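Peer 1:
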Amino acid sequence: MKTGTVVPKNKTMVERKQPMRASLPMAALLLGTTVLAGLPQAALAQAAQPAPSAPATGETIQSISVSGAQRLEADTILTYIKLRPGQAYTQAAADQALKDLFATELFSDVQIRNEAGKVTIQVTENPVINRIILEGNKRLKSDKILPEIKLAARQIFTRSKVRADVARIIELYKRQGRFAASVEPKMVMLEQNRVDIVFEISEGPKSKVRKINIIGNEAFDDGELRGEMITKQSSFTRIFSSGTTYDPDRMAFDQQKLRQFYLTKGYADFRVVSAVAELTPDKKDFILTYVVEEGPRYKFGDVKVESQLRDFDGDRLAAQLPMKKGDWYDAKMVEDTIERLNQTLGTFGYAFADVRPEYARNKDDLTMSLSFQIAEAPRVYVEKIDVNGNTLTQDKVVRREFRLAEGDAFNSIQVKRSTARINSLGYFQEKFEVEQKPGSAPDRIILEANVEEKPTGQLQLSAGYSSLEGLIFQGAVEQRNFRGRGQTIGLNLAYSNYSKQVDVSFTEPYLFDRNVSLGVNVYRRDLNSFNYFNNDRNTIYQQTTTGFQVRAGVPLTEYISAVASYTLNYDDISVDEQQYFTNRQNPPKLECDPLVAGRYLCDALGKRTSSIAGLSLIYDALDNRYRPTRGKTTSVSADFAGLGGSVKYVRFRTNSAAYFPVGKGFIFSLRAEGGAIAPLSKESDTPGVEAVRLTDRFYLGEPQLRGFDIRGVGPRMIREFYDGSGNLITDRQQIVDDALGGRYYYLGHAELEIPLGSGARELGLRPSVFMDIGAVWGLRAPIPQTSPYPDGIFIPSRDAAGKALYTQVDAATLVGTTCTPTATSVVTDPNNPNPPSCLASALNTPIGSTIPPFKERFVGNSPKPRISVGVGVNWNSPFGPFRIDFAHALTKVDGDDTKSFTFNVGTQF
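Count along the sequence shown from 1, then add 22; that gives the number in the numbering used here.
This is the structure we're talking about:
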């Protein structure tokens, strides 16, 4: 507590003094504990009480001196009081000086002495804060608390500031739903009149909503009304929900939600009489009680439109309104009707048209008559278009997406379309809107694009090590707003023992500032196709593709564009000759052996050039190209291979998608695609030979069809082996499964994106449930083989020159009765010129593998739908966009390969 003393000339002391804290030799002194109820004001009052009145001496002040000051100059202290030499010294003036000095909150004790006109002011300064320490705060980190409190290092300590900061900390915890939190401030004395302030925090549990009581409701039960609220009762099933925490603001919002619900059901007189939150004695939970008054239910009476605009007839507009006389009153329908009328008026240039509903309530027959008043307004023209907030993106990138120009007649549909086009760029914040502001005259309007730029670059990196592939590295860099010009540039790299890829791309959406797009891709791709046998990964063939693609696009209408492309590829398909080439068919010539590789693979080998011209028609009416929530898109494309080159085919593809906002934040999407390819060359007369190359066919599986493995759906050749007893082995882990692709395919997705609470939305979590359906088929059936060798066939290994390899024993010792080799070598001579004496034969041992007897089956060539269902989560994680899916195949056909779990991750910059 502060201390005040006034000493008159006779040295009789009149004191208002409590024990001085600064004089105690304690290292730490308790300041007090503050709980929700707050500190008693009387116990912590800081201002000095007025001194008991004493007779005025009337003595003239000769001088005023200051003692005890450490940091403050005496002249500075004197400026805080009104006492001056030459004035009459009175008890009232001394009391006022005490009050003025304590009001500065710079002193913990002040004494005033008067000795024959010589006034001495003795002060004890408040300590300086050395540092602020928070203890016990686990749920609310220090970086969230410290900016909210006023005390800081190197400030003057006062109790009033401590009390205020205690209240602020408790308020922060209340916002977190921790109403049982308490804060105990402590002071640690240091040398040189410095102190450390320690706030000992007891956070307490989070206060949940134990029960929601609703009193007075008759038309709807408690459960239905609770479902309209964002506050939920705590239960085991809602342990991860943020809605079960008590929040006064949320409680007030729930009252509005209840009113909105009743107003949509016709209860125009509904009101919430009271809403009370009771804290349980243990301060852990709240019980909320709402008292409501429903009132009678109304129907629509006469509904009309009165228009003062000559371009609009009120009767014709009224005939198109959704509400009719006799329907139950719905306030939400009225709001939507006002919005639709404003949009209609805006389409014809009336940007500032005023549509106001006038209600006529009849409590006798319980009807609500309604008249929409359209006031007189001028046609509006665009005065100017402003683009603000873009630091990287050039103005022209935004302006060229506007469907209106300065001087054009205002059109709300074109403004809405401009908003959608700017959103589709993907350069700016979500839910961007073009703002409309009055211009310099009543018939002028200013359109403002206030943008907030976001990262438009994407970096995807993954690295690892596998016993099958060795070092695995994948990286992709893409910038969709290169140099702020709207250009897209990308580099894609992939490397492992089974795949290598380099792809460089560039796209200019407005070539020479004209509405013509141009894109170029240059790439090199090395792919090793594989299968599994006995859990071992085996390379089937190697495909090397080198090529480029040039494409150009032009808009045909606002929503339809055409894209033409030209692609030139050079493909080289090969196999491991040591593994798949033998001289079994035409000795001594080595060639691809269908018994080892399969006829379909031997037919695909060779070098080919593909010269492909393509044309696509694209309809795009999505509100956002990267994260659509409503709208449709459709594309149809045709590719013609045969403008030179050795590959000739025609291929058609179509793709459609539609997005619908449903319910409260739910987004339902339907996507479908399909394709067909036909050879332009003559079909072979040889049975089982397919004219469409293995690498040009369609394949389905992960990631297009979730619930199935990579290329896990469609025509495939399965080779099953016989065991030593002549029984066919059908275990999937011990068969050879080769996907062959098909000529036709279809694929469909139905997905529902589920909204989460505000906390989950801030984390970027977007869960969904989905169903996928698809199939690939139409392949000319290859002829399955059956091994003609009942005991299997030995396939020798060969060197680069095609000579068979042998293991030769160069040295051996006799261990007991067994000749044990001690040195061996790999040779091409079947005979050992210097065999060790203990060997029984001079023949070397051939190196190779034995193919046991087998039987092949051609399966999966069916248009029967494969259906899978599952759940997935998109997460904009700190590491980048992350997608995880769990899927289960409901239907499949013989040969399909299923897979339940998939994920993908990247990052943005």
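Beta carbons: idealized from backbone N, C-alpha and C, even for Gly. Predicted, not measured: the structure shown is a model, and the values here were computed from it.
Can you tell me where the alpha helix (DSSP H) holding D625 begins and where it ends?
Peer 2: Unbroken alpha helix (DSSP H) run through D625: R621 to A626.
Peer 1: Grab me the residues of G710's own chain with a C-beta within less than 6 Å of its C-beta, minus the 5 sequence neighbours each way, in chain order.
Peer 2: P804 and I805, listed in sequence order.
Peer 1: Which of the three DSSP states is assigned to L16 in this structure?
Peer 2: This structure cannot settle anything about residue 16, because the visible part of the chain is limited to 23 through 931.
Peer 1: To the nearest angstrom, how far is it from the Cα of D387 to the Cα of G317?
Peer 2: So the two alpha carbons sit approximately 14 Å from each other.
Peer 1: Could you give the distance in angstroms between the alpha-carbon of Y532 and the alpha-carbon of A431?
Peer 2: Whole-angstrom Cα-Cα distance: 25 Å.
Peer 1: In terms of residues, what are the limits of the alpha helix (DSSP H) holding M251?
Peer 2: Counting along the chain, M251 falls outside any alpha helix (DSSP H), and DSSP gives it neither H nor E.
Peer 1: For F124, which beta-bridge partners are listed by DSSP?
Peer 2: None; F124 has no bridge partner.
Peer 1: How would you write the range of the beta strand (DSSP E) that Y381 sits in, first residue to last?
Peer 2: Taken as a continuous stretch (DSSP letters only), the beta strand (DSSP E) holding Y381 covers V377 to N384.
Peer 1: So, at 7 Å on beta carbons, what are the nonlocal neighbours of D615 in its own chain, with the 5 sequence-adjacent residues on each side left out?
Peer 2: Hits under 7 Å: Y602, F603, T604, R606 and Q607.
Peer 1: Please work out which residues of its chain come closer than 7 Å, Cβ to Cβ, to L52, disregarding the five sequence neighbours upstream and downstream, and give them in chain order.
Peer 2: With a pLDDT of only 33 at L52, under the threshold of 50, the placement of this residue in the model should not be trusted; the figure read from the coordinates follows. The answer, listed in chain order, is K208.
Peer 1: Is the distance from the Cβ of Y648 to the Cβ of Y581 below 8 Å?
Peer 2: Cβ distance not < 8 Å, so Y648 and Y581 don't count as in contact.
Peer 1: Under a Cβ-count criterion, where at least 16 other Cβ atoms within 10 Å of its own Cβ denotes burial, should Q436 be classed as buried or exposed?
Peer 2: Q436 should be labelled buried.
Peer 1: Measure the Cβ-Cβ separation of F308 and A299 and say whether it is below 8 Å.
Peer 2: Going by C-beta atoms, F308 is nearer than 8 Å to A299.
Peer 1: Using a Cβ-Cβ cutoff of less than 6 Å, which residues in the same chain neighbour L18 once the five nearest sequence positions on both sides are dropped?
Peer 2: Outside the displayed span of the chain (23 to 931) sits residue 18, for which this structure offers no information.
Peer 1: With 16 other CB atoms within 10 Å as the buried threshold, where does G838 fall?
Peer 2: Exposed: under 16 other Cβ atoms inside 10 Å.
Peer 1: In angstroms with no decimal places, state the Cα-to-Cα distance between I751 and F743.
Peer 2: When rounded, the distance between both Cα atoms is 6 Å.
Peer 1: Just reading off the beta strand (DSSP E) that V298 is part of, what are its end residues?
Peer 2: Unbroken beta strand (DSSP E) run through V298: R293 to L301.
Peer 1: For a minimum of 3 consecutive residues, which ranges assigned as the beta strand (DSSP E) are wholly contained in the region 113-191?
Peer 2: Whole beta strand (DSSP E) segments, 3+ residues: 129-137, 140-147 and 150-157.
Peer 1: With H, G and I counted as helix, E and B as strand and the rest as coil, what does DSSP make of M739?
Peer 2: Three-state result, M739: strand.
Peer 1: Where does K611 sit, in a helix, a strand or coil, going by DSSP?
Peer 2: In this structure, K611 counts as strand in the three-state DSSP scheme.
Peer 1: Is there contact between the region 467-483 and the region 662-677, where contact requires at least three CB pairs shorter than 8 Å?
Peer 2: Output reads no: the region 662-677 does not touch the region 467-483.
Peer 1: Mind checking who R730 pairs with in its DSSP beta bridge?
Peer 2: Correcting the residue identity first, residue 730 is Phe in this sequence and not Arg. Note: F730 sits in a beta bridge opposite T920.
Peer 1: Grab the span of the beta strand (DSSP E) containing P843 for me, first residue to last.
Peer 2: Unbroken beta strand (DSSP E) run through P843: T840 to V849.
Peer 1: Going by beta carbon distance, what residues of the same chain come within less than 7 Å of K914, once the five residues before and after it are set aside?
Peer 2: Answer for K914: R888 and T920, listed in chain order.
Peer 1: Can you tell which of Y545, D718 and S678 has its C-alpha closest to the C-alpha of Y768?
Peer 2: Of Y545, D718 and S678, the residue nearest in Cα terms is S678.
Peer 1: May I have the straight-line CA-CA distance separating A397 from Q451, to the nearest angstrom?
Peer 2: Cα to Cα, the separation comes out at about 35 Å.
Peer 1: Hey, R190 and I178: beta-carbon distance below 8 Å or not?
Peer 2: No, they are not a contact pair.
Peer 1: Please report the straight-line C-alpha distance between N543 and A516, rounded to a whole angstrom.
Peer 2: Looking at the two C-alpha atoms, the distance is approximately 16 Å.
Peer 1: I'd like to know if the region 722-739 and the region 843-863 are in contact, where contact means that at least 3 CB-CB pairs between them fall below 8 Å.
Peer 2: Segments in contact, no.
Peer 1: What residues are listed by DSSP as bridge partners for Q807?
Peer 2: Note: Q807 sits in no beta bridge, so no partner.
Peer 1: Give me the residue from K140, P868, R153 and P855 with the minimum Cα distance to Y828.
Peer 2: Measuring from the Cα of Y828, the nearest candidate turns out to be P868.
Peer 1: Please determine if the region 503-510 and the region 407-419 are in contact, where contact requires at least 3 C-beta pairs separated by less than 8 Å.
Peer 2: Because the criterion of three Cβ pairs below 8 Å is met, the region 503-510 and the region 407-419 touch.
Peer 1: Where do the N-terminal and C-terminal ends of the alpha helix (DSSP H) with S668 fall, by residue?
Peer 2: From DSSP, S668 is part of no alpha helix (DSSP H); its letter is neither H nor E.
Peer 1: Please classify K228 as buried or exposed, where buried requires at least 16 neighbouring CB atoms within 10 angstroms.
Peer 2: Answer is buried; the Cβ neighbour count reaches 16.
Peer 1: In the DSSP output, which residue or residues are listed as bridge partners for V327?
Peer 2: DSSP output for V327 lists F394 as bridge partner(s).
Peer 1: Tell me whether V456 is buried or exposed, calling it buried when 16 or more other Cβ atoms sit within 10 Å of its Cβ.
Peer 2: V456 should be labelled buried.
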